[in-house]
Amino acid sequence: MSSSGHTDAGSLKEVRVCRRDDTPVVALADDLSGAAEVAALLRQSTRLLLHPADLGVSVTAGQAVVVDLDSRYLDDGAAADAVRAALA
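Numbering (our numbering), first residue to last: 1001 to 1088.
If you want it as structure tokens, here you go:
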């Protein structure tokens, strides 16, 4: 892990997940750089959303959605609320 708290690219390992191509993938990130890292690692068509309210947009089958919750510097309760709101 780097001094910024992010995982260094050299220490990442590929994890293969068995899933159907049309299974939706939604990932929540606490900041934009994390969202971009996840989107790149998914290696599939990915829509990167900057606002959780945009989760209602339609996506095509097999497309992943990564949401920047912008919650990195929120207190624990507010960050948990942001996650709950995104999943509601």
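Backbone N, C-alpha and C fix where the C-beta goes; we use that ideal spot for every residue, glycine too.
Selected residue, minimal CA-CA separation from residue i, among the options
| i | options | result |
| --- | --- | --- |
| D1054 | L1074, L1032, V1067 and Y1073 | V1067 |
| L1074 | L1087, A1029 and T1060 | A1029 |
| A1088 | S1071, G1056 and A1036 | G1056 |
Close-in-space but distant-in-sequence residues of the same chain around residue i (CB under 6 Å, 5 per side omitted)
| i | result |
| --- | --- |
| A1039 | T1046, L1048 and V1066 |
Straight-line gap, residue i to residue j (C-alpha atoms, nearest Å)
| i | j | result |
| --- | --- | --- |
| L1069 | A1080 | 10 Å |
| A1027 | A1078 | 18 Å |
| T1058 | V1083 | Before going further, note that residue 1058 is Ser rather than Thr in the sequence given. Cα to Cα, S1058 sits roughly 20 Å from V1083. |
| D1076 | G1034 | 18 Å |
| L1050 | T1023 | 22 Å |
Cβ shell of residue i (< 8 Å), same chain only, five flanking positions each side left out
| i | result |
| --- | --- |
| Q1044 | V1025, G1062, Q1063 and A1064 |
| T1060 | S1045 |
Practice item. Could you pull out every unbroken alpha helix (DSSP H) segment of at least 4 residues lying fully inside the region 1021–1048, listed in chain order? Key: 1032–1042
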